[in-house]
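Each residue of the sequence shown is one higher than the one before, starting from 0 at the first, in numbering that gives the first Met the number 0.
Even for Gly, the Cβ is constructed at its ideal location relative to N, Cα and C.
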Amino acid sequence: MSSRERIVGSALSLFAQQGITATTTKQIAEQADVNEVTLFRQFGSKQGLLLAVLKEAPILEKMQVALASISGANDPLAAYGASGLDLLGRVPELVRSLIGEAGQSPPENLQALGQAARQANQQTVAYLLGAQIQFSPGLSVEAAASLLNTLILGRAVIESTSQGNQDSGLWQSREDFLAAGNALFLAAEEGLAAPNTSEHQDKTAVVVADLPVDMVRSLFQKARRLGAQEYALVYVLFGAGLRVNEVAGLLRSQSLSSKNQHLLTITGASPRQVPLNRWILGNRYGTYSKNPLTQWLKSRQDDQLAVFIDPAGQPLGEAGIIALWKAITAENEAEIITYIGSPATPFHARQTWCIELLIKGISLEHLSILSGMSLPELDAYARRAKEKAALEQALAIDQKNT
0 MSSRERIVGS ALSLFAQQGI TATTTKQIAE QADVNEVTLF RQFGSKQGLL LAVLKEAPIL
60 EKMQVALASI SGANDPLAAY GASGLDLLGR VPELVRSLIG EAGQSPPENL QALGQAARQA
120 NQQTVAYLLG AQIQFSPGLS VEAAASLLNT LILGRAVIES TSQGNQDSGL WQSREDFLAA
180 GNALFLAAEE GLAAPNTSEH QDKTAVVVAD LPVDMVRSLF QKARRLGAQE YALVYVLFGA
240 GLRVNEVAGL LRSQSLSSKN QHLLTITGAS PRQVPLNRWI LGNRYGTYSK NPLTQWLKSR
300 QDDQLAVFID PAGQPLGEAG IIALWKAITA ENEAEIITYI GSPATPFHAR QTWCIELLIK
360 GISLEHLSIL SGMSLPELDA YARRAKEKAA LEQALAIDQK NT
(Lines of atoms letter the chains of each structure in order from A and count residues from 1; the text may use other names and numbers.)
(Lines give C-alpha, C1' and ligand atoms only; values in the text may rest on other atoms or scores of the structure.)
Protein backbone atom coordinates (compact mmCIF):
# COMPACT_ATOMS: atom_id res chain seq x y z
CA MET A 1 0.00 0.00 0.00
CA SER A 2 1.39 3.40 -0.99
CA SER A 3 1.87 6.26 1.46
CA ARG A 4 -1.02 8.11 -0.21
CA GLU A 5 -3.37 5.17 0.29
CA ARG A 6 -2.30 4.85 3.93
CA ILE A 7 -2.89 8.56 4.55
CA VAL A 8 -6.34 8.53 2.92
CA GLY A 9 -7.31 5.38 4.82
CA SER A 10 -6.09 6.78 8.14
CA ALA A 11 -7.88 10.08 7.53
CA LEU A 12 -11.16 8.29 6.82
CA SER A 13 -10.76 6.18 9.95
CA LEU A 14 -10.02 9.15 12.22
CA PHE A 15 -12.65 11.40 10.65
CA ALA A 16 -15.19 8.64 11.26
CA GLN A 17 -14.10 8.18 14.89
CA GLN A 18 -13.76 11.76 16.08
CA GLY A 19 -14.94 14.11 13.34
CA ILE A 20 -13.07 16.36 10.94
CA THR A 21 -12.41 19.34 13.22
CA ALA A 22 -11.17 17.23 16.13
CA THR A 23 -8.77 15.28 13.92
CA THR A 24 -5.31 16.79 13.44
CA THR A 25 -2.96 16.20 10.54
CA LYS A 26 -0.40 15.01 13.09
CA GLN A 27 -2.74 12.23 14.23
CA ILE A 28 -3.38 11.20 10.64
CA ALA A 29 0.33 11.15 9.80
CA GLU A 30 1.12 9.07 12.90
CA GLN A 31 -1.57 6.50 12.13
CA ALA A 32 -0.43 6.32 8.50
CA ASP A 33 3.19 5.94 9.65
CA VAL A 34 4.41 8.90 7.58
CA ASN A 35 5.96 12.27 8.32
CA GLU A 36 3.51 15.17 8.60
CA VAL A 37 5.54 16.94 5.93
CA THR A 38 4.74 14.09 3.54
CA LEU A 39 1.04 14.61 4.21
CA PHE A 40 1.19 18.33 3.41
CA ARG A 41 3.37 17.71 0.37
CA GLN A 42 0.79 15.34 -1.11
CA PHE A 43 -2.46 17.03 -0.04
CA GLY A 44 -1.60 20.64 0.82
CA SER A 45 -3.93 20.93 3.81
CA LYS A 46 -6.47 19.03 5.86
CA GLN A 47 -9.21 20.28 3.54
CA GLY A 48 -7.21 18.96 0.59
CA LEU A 49 -6.95 15.62 2.36
CA LEU A 50 -10.70 15.62 3.00
CA LEU A 51 -11.21 16.19 -0.72
CA ALA A 52 -9.05 13.12 -1.44
CA VAL A 53 -11.06 11.08 1.08
CA LEU A 54 -14.30 12.04 -0.64
CA LYS A 55 -12.89 11.08 -4.04
CA GLU A 56 -10.68 8.08 -3.26
CA ALA A 57 -11.93 6.28 -0.14
CA PRO A 58 -13.85 3.06 -0.94
CA ILE A 59 -17.13 4.36 0.48
CA LEU A 60 -19.19 3.65 -2.64
CA GLU A 61 -17.64 0.19 -2.96
CA LYS A 62 -18.81 -0.60 0.57
CA MET A 63 -22.28 0.59 -0.38
CA GLN A 64 -22.30 -1.71 -3.40
CA VAL A 65 -21.27 -4.69 -1.28
CA ALA A 66 -24.08 -3.86 1.16
CA LEU A 67 -26.61 -3.65 -1.68
CA ALA A 68 -25.43 -6.97 -3.10
CA SER A 69 -25.97 -8.59 0.29
CA ILE A 70 -29.63 -7.48 0.43
CA SER A 71 -30.53 -8.19 -3.20
CA GLY A 72 -33.63 -10.34 -3.25
CA ALA A 73 -34.82 -9.27 0.21
CA ASN A 74 -38.50 -9.95 0.83
CA ASP A 75 -38.96 -6.35 1.99
CA PRO A 76 -36.53 -4.41 -0.25
CA LEU A 77 -37.32 -0.91 1.05
CA ALA A 78 -36.92 -1.83 4.71
CA ALA A 79 -33.76 -3.80 3.90
CA TYR A 80 -32.31 -0.81 2.06
CA GLY A 81 -33.17 1.56 4.89
CA ALA A 82 -31.63 -0.70 7.53
CA SER A 83 -28.50 -1.20 5.42
CA GLY A 84 -28.10 2.55 4.81
CA LEU A 85 -28.48 3.37 8.50
CA ASP A 86 -25.97 0.67 9.41
CA LEU A 87 -23.39 2.09 6.97
CA LEU A 88 -23.85 5.68 8.16
CA GLY A 89 -23.95 4.50 11.77
CA ARG A 90 -20.37 3.27 11.44
CA VAL A 91 -19.15 6.82 10.77
CA PRO A 92 -21.35 9.06 12.96
CA GLU A 93 -18.70 11.72 13.60
CA LEU A 94 -17.94 12.00 9.89
CA VAL A 95 -21.64 12.39 9.07
CA ARG A 96 -22.02 15.16 11.67
CA SER A 97 -18.87 16.92 10.50
CA LEU A 98 -19.69 16.84 6.79
CA ILE A 99 -23.11 18.34 7.41
CA GLY A 100 -22.33 20.64 10.33
CA GLU A 101 -19.17 22.07 8.77
CA ALA A 102 -20.40 22.24 5.18
CA GLY A 103 -20.59 26.04 5.34
CA GLN A 104 -16.85 26.22 6.01
CA SER A 105 -15.83 23.84 3.21
CA PRO A 106 -14.20 25.12 0.00
CA PRO A 107 -16.25 24.83 -3.23
CA GLU A 108 -14.23 21.88 -4.56
CA ASN A 109 -15.03 19.84 -1.44
CA LEU A 110 -18.73 20.60 -1.77
CA GLN A 111 -18.55 19.57 -5.43
CA ALA A 112 -16.86 16.28 -4.48
CA LEU A 113 -19.49 15.66 -1.81
CA GLY A 114 -22.24 16.33 -4.34
CA GLN A 115 -20.61 13.99 -6.85
CA ALA A 116 -20.38 11.22 -4.23
CA ALA A 117 -24.06 11.75 -3.39
CA ARG A 118 -25.03 11.50 -7.07
CA GLN A 119 -23.04 8.27 -7.49
CA ALA A 120 -24.66 6.82 -4.37
CA ASN A 121 -28.04 7.79 -5.76
CA GLN A 122 -27.26 5.96 -9.01
CA GLN A 123 -26.56 2.79 -7.03
CA THR A 124 -29.87 3.26 -5.23
CA VAL A 125 -31.66 3.63 -8.56
CA ALA A 126 -30.13 0.36 -9.79
CA TYR A 127 -31.22 -1.37 -6.58
CA LEU A 128 -34.79 -0.07 -6.83
CA LEU A 129 -34.99 -1.09 -10.48
CA GLY A 130 -33.84 -4.58 -9.55
CA ALA A 131 -36.47 -4.79 -6.80
CA GLN A 132 -39.02 -3.46 -9.35
CA ILE A 133 -40.93 -1.42 -6.79
CA GLN A 134 -43.81 0.46 -8.39
CA PHE A 135 -44.04 4.10 -7.36
CA SER A 136 -46.84 6.55 -8.12
CA PRO A 137 -46.96 7.82 -11.74
CA GLY A 138 -45.67 11.27 -10.76
CA LEU A 139 -42.63 9.90 -8.92
CA SER A 140 -39.71 8.67 -11.03
CA VAL A 141 -37.36 6.02 -9.66
CA GLU A 142 -34.60 8.66 -9.61
CA ALA A 143 -36.74 10.99 -7.49
CA ALA A 144 -37.74 8.09 -5.24
CA ALA A 145 -34.07 7.22 -4.73
CA SER A 146 -33.24 10.82 -3.80
CA LEU A 147 -36.17 11.01 -1.39
CA LEU A 148 -35.29 7.67 0.20
CA ASN A 149 -31.64 8.64 0.70
CA THR A 150 -32.63 12.04 2.11
CA LEU A 151 -34.87 10.34 4.69
CA ILE A 152 -32.13 7.89 5.64
CA LEU A 153 -29.51 10.64 5.96
CA GLY A 154 -31.86 12.69 8.12
CA ARG A 155 -32.50 9.73 10.40
CA ALA A 156 -28.75 9.01 10.59
CA VAL A 157 -28.08 12.60 11.69
CA ILE A 158 -30.73 12.28 14.40
CA GLU A 159 -29.20 9.00 15.61
CA SER A 160 -25.66 10.42 15.62
CA THR A 161 -26.67 13.55 17.55
CA SER A 162 -29.04 11.92 20.05
CA GLN A 163 -26.25 9.50 21.08
CA GLY A 164 -28.60 6.70 22.08
CA ASN A 165 -31.31 8.92 23.58
CA GLN A 166 -34.52 7.29 22.39
CA ASP A 167 -36.63 10.41 23.07
CA SER A 168 -35.61 12.29 19.94
CA GLY A 169 -39.04 13.87 19.57
CA LEU A 170 -39.66 11.91 16.36
CA TRP A 171 -39.59 8.10 16.11
CA GLN A 172 -39.07 6.06 19.24
CA SER A 173 -36.86 3.55 17.45
CA ARG A 174 -35.16 2.78 14.17
CA GLU A 175 -37.77 0.07 13.55
CA ASP A 176 -40.55 2.67 13.80
CA PHE A 177 -38.74 4.88 11.30
CA LEU A 178 -38.27 2.03 8.81
CA ALA A 179 -41.91 1.00 9.15
CA ALA A 180 -43.05 4.58 8.55
CA GLY A 181 -40.80 4.92 5.49
CA ASN A 182 -42.05 1.64 4.11
CA ALA A 183 -45.65 2.73 4.59
CA LEU A 184 -44.96 6.07 2.90
CA PHE A 185 -43.58 4.52 -0.28
CA LEU A 186 -45.86 1.51 -0.42
CA ALA A 187 -48.95 3.67 0.05
CA ALA A 188 -48.45 4.81 -3.54
CA GLU A 189 -48.14 1.19 -4.61
CA GLU A 190 -51.37 0.26 -2.88
CA GLY A 191 -53.14 3.08 -4.68
CA LEU A 192 -52.07 1.59 -8.00
CA ALA A 193 -52.72 -2.02 -7.09
CA ALA A 194 -55.98 -3.88 -7.50
CA PRO A 195 -57.94 -4.60 -4.31
CA ASN A 196 -56.91 -8.25 -4.50
CA THR A 197 -54.37 -8.82 -1.70
CA SER A 198 -52.48 -11.55 -3.54
CA GLU A 199 -51.99 -9.25 -6.54
CA HIS A 200 -50.46 -6.60 -4.28
CA GLN A 201 -48.16 -9.20 -2.76
CA ASP A 202 -47.01 -10.20 -6.25
CA LYS A 203 -45.96 -6.61 -6.92
CA THR A 204 -43.82 -6.42 -3.80
CA ALA A 205 -42.23 -9.83 -4.34
CA VAL A 206 -38.72 -10.40 -5.61
CA VAL A 207 -38.36 -9.95 -9.36
CA VAL A 208 -36.39 -12.78 -10.93
CA ALA A 209 -34.24 -11.47 -13.78
CA ASP A 210 -32.25 -14.45 -15.04
CA LEU A 211 -29.76 -13.73 -17.81
CA PRO A 212 -30.13 -15.02 -21.39
CA VAL A 213 -27.88 -17.71 -22.87
CA ASP A 214 -25.95 -15.41 -25.20
CA MET A 215 -25.18 -12.92 -22.44
CA VAL A 216 -23.92 -15.62 -20.09
CA ARG A 217 -21.77 -17.13 -22.82
CA SER A 218 -20.32 -13.69 -23.54
CA LEU A 219 -19.47 -13.21 -19.86
CA PHE A 220 -17.65 -16.54 -19.77
CA GLN A 221 -15.64 -15.62 -22.87
CA LYS A 222 -14.73 -12.19 -21.50
CA ALA A 223 -13.73 -13.68 -18.14
CA ARG A 224 -11.54 -16.29 -19.81
CA ARG A 225 -9.69 -13.57 -21.72
CA LEU A 226 -9.12 -11.56 -18.55
CA GLY A 227 -7.56 -14.35 -16.52
CA ALA A 228 -7.89 -17.65 -14.67
CA GLN A 229 -9.36 -16.11 -11.51
CA GLU A 230 -12.00 -14.15 -13.43
CA TYR A 231 -12.92 -17.30 -15.35
CA ALA A 232 -13.20 -19.27 -12.11
CA LEU A 233 -15.38 -16.59 -10.52
CA VAL A 234 -17.92 -16.56 -13.34
CA TYR A 235 -17.93 -20.37 -13.33
CA VAL A 236 -18.66 -20.54 -9.59
CA LEU A 237 -21.38 -17.87 -9.77
CA PHE A 238 -23.28 -19.49 -12.64
CA GLY A 239 -22.35 -23.09 -11.83
CA ALA A 240 -23.22 -23.13 -8.12
CA GLY A 241 -25.42 -20.06 -7.56
CA LEU A 242 -23.57 -18.80 -4.50
CA ARG A 243 -24.17 -15.50 -2.76
CA VAL A 244 -21.38 -12.89 -2.90
CA ASN A 245 -20.47 -13.39 0.76
CA GLU A 246 -20.35 -17.16 0.23
CA VAL A 247 -18.00 -16.75 -2.74
CA ALA A 248 -15.79 -14.39 -0.72
CA GLY A 249 -15.60 -16.87 2.16
CA LEU A 250 -14.92 -19.94 0.01
CA LEU A 251 -11.76 -21.86 0.95
CA ARG A 252 -9.65 -24.24 -1.14
CA SER A 253 -10.46 -27.10 1.21
CA GLN A 254 -14.18 -26.54 0.54
CA SER A 255 -13.80 -27.35 -3.16
CA LEU A 256 -14.09 -31.14 -3.42
CA SER A 257 -13.68 -32.53 -6.92
CA SER A 258 -13.43 -36.08 -8.19
CA LYS A 259 -14.07 -37.97 -11.39
CA ASN A 260 -17.81 -38.13 -10.73
CA GLN A 261 -18.67 -34.87 -8.97
CA HIS A 262 -17.50 -31.44 -7.86
CA LEU A 263 -18.99 -30.18 -4.59
CA LEU A 264 -18.58 -26.87 -2.78
CA THR A 265 -19.04 -26.89 0.99
CA ILE A 266 -20.68 -23.68 2.20
CA THR A 267 -20.45 -22.54 5.82
CA GLY A 268 -22.03 -19.60 7.62
CA ALA A 269 -25.70 -18.71 7.87
CA SER A 270 -26.83 -21.38 5.37
CA PRO A 271 -24.41 -24.33 5.69
CA ARG A 272 -24.81 -26.87 2.90
CA GLN A 273 -23.09 -28.60 -0.01
CA VAL A 274 -23.70 -27.42 -3.56
CA PRO A 275 -22.77 -29.25 -6.78
CA LEU A 276 -20.69 -27.22 -9.22
CA ASN A 277 -22.28 -27.89 -12.60
CA ARG A 278 -20.27 -28.69 -15.72
CA TRP A 279 -23.12 -27.78 -18.06
CA ILE A 280 -24.36 -24.18 -17.87
CA LEU A 281 -27.12 -23.07 -20.25
CA GLY A 282 -26.20 -25.64 -22.87
CA ASN A 283 -22.43 -25.11 -22.76
CA ARG A 284 -19.98 -27.44 -21.08
CA TYR A 285 -17.08 -26.00 -19.07
CA GLY A 286 -14.65 -28.85 -18.58
CA THR A 287 -15.07 -31.87 -16.34
CA TYR A 288 -15.58 -32.33 -12.62
CA SER A 289 -11.83 -32.65 -12.11
CA LYS A 290 -10.68 -30.17 -14.77
CA ASN A 291 -12.71 -26.98 -15.01
CA PRO A 292 -12.15 -23.22 -14.58
CA LEU A 293 -12.09 -23.49 -10.76
CA THR A 294 -9.74 -26.46 -10.50
CA GLN A 295 -7.45 -24.92 -13.13
CA TRP A 296 -7.31 -21.66 -11.20
CA LEU A 297 -6.47 -23.43 -7.95
CA LYS A 298 -3.89 -25.59 -9.69
CA SER A 299 -2.13 -22.51 -11.08
CA ARG A 300 -1.69 -20.96 -7.64
CA GLN A 301 1.77 -20.97 -6.05
CA ASP A 302 0.77 -19.41 -2.71
CA ASP A 303 -0.34 -20.84 0.63
CA GLN A 304 -3.45 -18.65 1.02
CA LEU A 305 -6.48 -20.72 2.03
CA ALA A 306 -9.04 -18.50 0.28
CA VAL A 307 -10.15 -19.43 -3.24
CA PHE A 308 -10.27 -15.86 -4.52
CA ILE A 309 -7.39 -13.50 -3.66
CA ASP A 310 -6.23 -9.95 -4.34
CA PRO A 311 -2.89 -9.00 -5.97
CA ALA A 312 -1.25 -9.02 -2.52
CA GLY A 313 -2.33 -12.63 -1.98
CA GLN A 314 -4.97 -11.78 0.64
CA PRO A 315 -8.61 -12.98 0.58
CA LEU A 316 -10.52 -10.90 -1.94
CA GLY A 317 -13.51 -10.13 0.30
CA GLU A 318 -16.99 -9.12 -0.82
CA ALA A 319 -15.85 -5.73 -2.17
CA GLY A 320 -13.16 -7.46 -4.21
CA ILE A 321 -15.65 -9.96 -5.63
CA ILE A 322 -17.93 -7.10 -6.70
CA ALA A 323 -14.98 -5.22 -8.24
CA LEU A 324 -13.89 -8.33 -10.15
CA TRP A 325 -17.42 -8.81 -11.48
CA LYS A 326 -17.53 -5.16 -12.57
CA ALA A 327 -14.23 -5.61 -14.41
CA ILE A 328 -15.68 -8.60 -16.26
CA THR A 329 -18.87 -6.77 -17.21
CA ALA A 330 -17.15 -3.44 -17.99
CA GLU A 331 -16.75 -4.18 -21.70
CA ASN A 332 -19.90 -3.52 -23.72
CA GLU A 333 -21.66 -2.50 -20.50
CA ALA A 334 -24.82 -1.59 -22.41
CA GLU A 335 -25.26 -5.27 -23.27
CA ILE A 336 -24.96 -6.48 -19.66
CA ILE A 337 -28.45 -5.37 -18.70
CA THR A 338 -31.24 -7.61 -17.42
CA TYR A 339 -34.60 -7.76 -19.15
CA ILE A 340 -36.04 -5.47 -16.44
CA GLY A 341 -33.50 -2.78 -17.30
CA SER A 342 -31.12 -3.01 -14.33
CA PRO A 343 -27.36 -3.72 -14.55
CA ALA A 344 -26.47 -7.40 -14.21
CA THR A 345 -24.99 -8.31 -10.82
CA PRO A 346 -23.71 -11.53 -9.21
CA PHE A 347 -27.20 -11.91 -7.72
CA HIS A 348 -28.59 -12.28 -11.24
CA ALA A 349 -26.10 -15.09 -11.84
CA ARG A 350 -27.59 -16.82 -8.79
CA GLN A 351 -31.09 -16.27 -10.18
CA THR A 352 -30.01 -17.69 -13.54
CA TRP A 353 -28.66 -20.81 -11.78
CA CYS A 354 -31.94 -21.30 -9.91
CA ILE A 355 -34.07 -20.95 -13.05
CA GLU A 356 -31.88 -23.35 -15.03
CA LEU A 357 -32.20 -26.03 -12.34
CA LEU A 358 -35.98 -25.60 -12.19
CA ILE A 359 -36.31 -25.84 -15.96
CA LYS A 360 -34.19 -29.01 -15.90
CA GLY A 361 -36.64 -30.55 -13.43
CA ILE A 362 -35.31 -30.07 -9.91
CA SER A 363 -38.02 -29.87 -7.25
CA LEU A 364 -38.58 -26.72 -5.21
CA GLU A 365 -37.78 -28.67 -2.03
CA HIS A 366 -34.40 -29.76 -3.37
CA LEU A 367 -33.62 -26.30 -4.74
CA SER A 368 -34.44 -24.88 -1.31
CA ILE A 369 -31.81 -27.18 0.20
CA LEU A 370 -29.15 -26.34 -2.40
CA SER A 371 -29.78 -22.59 -2.49
CA GLY A 372 -30.33 -21.95 1.20
CA MET A 373 -33.62 -20.17 0.40
CA SER A 374 -37.00 -20.94 1.93
CA LEU A 375 -39.87 -22.34 -0.13
CA PRO A 376 -41.83 -19.04 0.01
CA GLU A 377 -38.74 -17.23 -1.31
CA LEU A 378 -38.69 -19.63 -4.27
CA ASP A 379 -42.27 -18.89 -5.34
CA ALA A 380 -41.11 -16.10 -7.66
CA TYR A 381 -38.53 -18.46 -9.19
CA ALA A 382 -41.13 -21.14 -9.85
CA ARG A 383 -43.34 -18.56 -11.56
CA ARG A 384 -40.45 -17.31 -13.71
CA ALA A 385 -39.56 -20.88 -14.75
CA LYS A 386 -43.18 -21.46 -15.83
CA GLU A 387 -43.16 -18.13 -17.64
CA LYS A 388 -40.05 -19.15 -19.60
CA ALA A 389 -41.62 -22.50 -20.47
CA ALA A 390 -44.74 -20.70 -21.71
CA LEU A 391 -42.64 -18.30 -23.79
CA GLU A 392 -40.70 -21.19 -25.31
CA GLN A 393 -43.90 -23.05 -26.20
CA ALA A 394 -45.50 -19.94 -27.72
CA LEU A 395 -42.40 -19.23 -29.81
CA ALA A 396 -42.29 -22.85 -30.99
CA ILE A 397 -45.92 -22.62 -32.12
CA ASP A 398 -45.26 -19.38 -33.97
CA GLN A 399 -42.16 -20.76 -35.69
CA LYS A 400 -44.03 -23.94 -36.62
CA ASN A 401 -46.54 -21.88 -38.60
CA THR A 402 -43.92 -20.01 -40.64
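Sequence-distant residues of the same chain with beta carbon closer than 6 Å to residue i, five excluded per side
{"i": "A143", "result": "F134"}
{"i": "G129", "result": "S341"}
{"i": "I335", "result": "T328, A343"}
{"i": "Q118", "result": "L59"}
{"i": "W324", "result": "P345"}
Residue i vs residue j beta-carbon contact at 8 Å
{"i": "I320", "j": "P342", "result": "no"}
{"i": "L262", "j": "V246", "result": "no"}
{"i": "G113", "j": "L150", "result": "no"}
{"i": "L152", "j": "A111", "result": "no"}
{"i": "Q303", "j": "G312", "result": "yes"}
{"i": "G238", "j": "I279", "result": "yes"}
{"i": "T24", "j": "F14", "result": "no"}
{"i": "I339", "j": "A208", "result": "yes"}
{"i": "T20", "j": "E100", "result": "yes"}
{"i": "E55", "j": "V7", "result": "yes"}
{"i": "R277", "j": "N290", "result": "yes"}
{"i": "G102", "j": "S269", "result": "no"}
{"i": "P106", "j": "A318", "result": "no"}
{"i": "Q16", "j": "E92", "result": "yes"}
{"i": "Q131", "j": "V206", "result": "yes"}
{"i": "P3", "j": "Q41", "result": "Note that residue 3 is Arg in the sequence shown, not Pro. Closer than 8 Å, so yes."}
{"i": "R173", "j": "L84", "result": "yes"}
{"i": "A326", "j": "L225", "result": "yes"}
Residue i: CB within 7 Å of a non-hydrogen atom of the ligand ADP
{"i": "E35", "result": "Among the components modelled here there is no ligand, and therefore nothing to report on the ligand ADP."}
For residue j and residue i, believed in contact at Cβ under 8 Å, the rounded distance
{"i": "I368", "j": "R242", "result": "15 Å between Cβ atoms; not a contact."}
{"i": "S410", "j": "S298", "result": "With the chain covering 0 to 401 only, the question about residue 410 has no answer from this structure."}
{"i": "L282", "j": "R216", "result": "Looking at the sequence itself, residue 282 is Asn, so the reference to Leu does not match. N282 to R216, Cβ: 6 Å. Contact."}
{"i": "L76", "j": "F184", "result": "6 Å"}
{"i": "V235", "j": "L275", "result": "7 Å"}
{"i": "L210", "j": "H347", "result": "6 Å"}
{"i": "G88", "j": "A10", "result": "About 20 Å separates the two Cβ atoms, so there is no contact after all."}
{"i": "S373", "j": "N244", "result": "Their Cβ separation, rounded to whole angstroms, is 18 Å, which puts S373 and N244 out of contact at 8 Å."}
{"i": "G248", "j": "G267", "result": "6 Å"}
{"i": "A381", "j": "L363", "result": "6 Å"}
{"i": "L49", "j": "N120", "result": "No, L49 and N120 are not in contact; Cβ-Cβ is about 21 Å, not under 8 Å."}
Residues near residue i by beta carbon distance below 8 Å, same chain, minus five either side
{"i": "A333", "result": "Note that A333 scores a pLDDT of 47, beneath 50, so its modelled location is shaky and nothing firm can be said."}
{"i": "A384", "result": "I354, L357, I358"}
Neighbourhood of residue i by C-beta distance below 7 Å, restricted to the same chain and skipping five residues each side
{"i": "A65", "result": "S82, L86"}
{"i": "V140", "result": "V124, L127, L128, F134"}
{"i": "T196", "result": "Here T196 scores only 36 on pLDDT, less than 50, and its place in the model should not be relied on; the value that follows carries that caveat. Cβ within range, chain order: n/a, list empty."}
Original post:
Does the count of Cβ pairs from the region 350–359 and the region 85–101 closer than 8 Å reach three?
Top reply: Contact between the region 350–359 and the region 85–101 is absent, because fewer than three Cβ pairs lie under 8 Å.
Original post:
Taking one C-beta from the region 222–232 and one from the region 278–297 each time, how about it: are there three or more such pairs within less than 8 Å?
Top reply: Touching, yes, given that three or more Cβ pairs across the two stretches are closer than 8 Å.
Original post:
Within the chosen definition, does the region 29–38 reach the region 51–64 through at least 3 CB pairs nearer than 8 Å?
Top reply: Because the criterion of three Cβ pairs below 8 Å is not met, the region 29–38 and the region 51–64 do not touch.
Original post:
Enumerated in chain order, which unbroken segments of the beta strand (DSSP E) with a length of 3 residues or greater are wholly contained in the region 107–160?
Top reply: Runs of the beta strand (DSSP E) inside the region 107–160: none found.
Subject >> Minimum length 4: unbroken alpha helix (DSSP H) runs contained in the region 262–321 >> reply: If we require 4 residues or more, the alpha helix (DSSP H) runs fully inside the region 262–321 come out as 291–298.
**OP:** Could you name each continuous alpha helix (DSSP H) segment of 4 residues or more that falls completely within the region 209–237, going from the start of the chain to the end?
**Re:** The region 209–237 contains these whole alpha helix (DSSP H) runs: 212–225.
Original post:
Which runs of the alpha helix (DSSP H) fall wholly inside the region 38–118 and span at least 4 residues, in chain order?
Top reply: Taken in chain order, the whole alpha helix (DSSP H) runs of length 4 or more contained in the region 38–118 are 45–55, 58–69, 75–88, 91–99.
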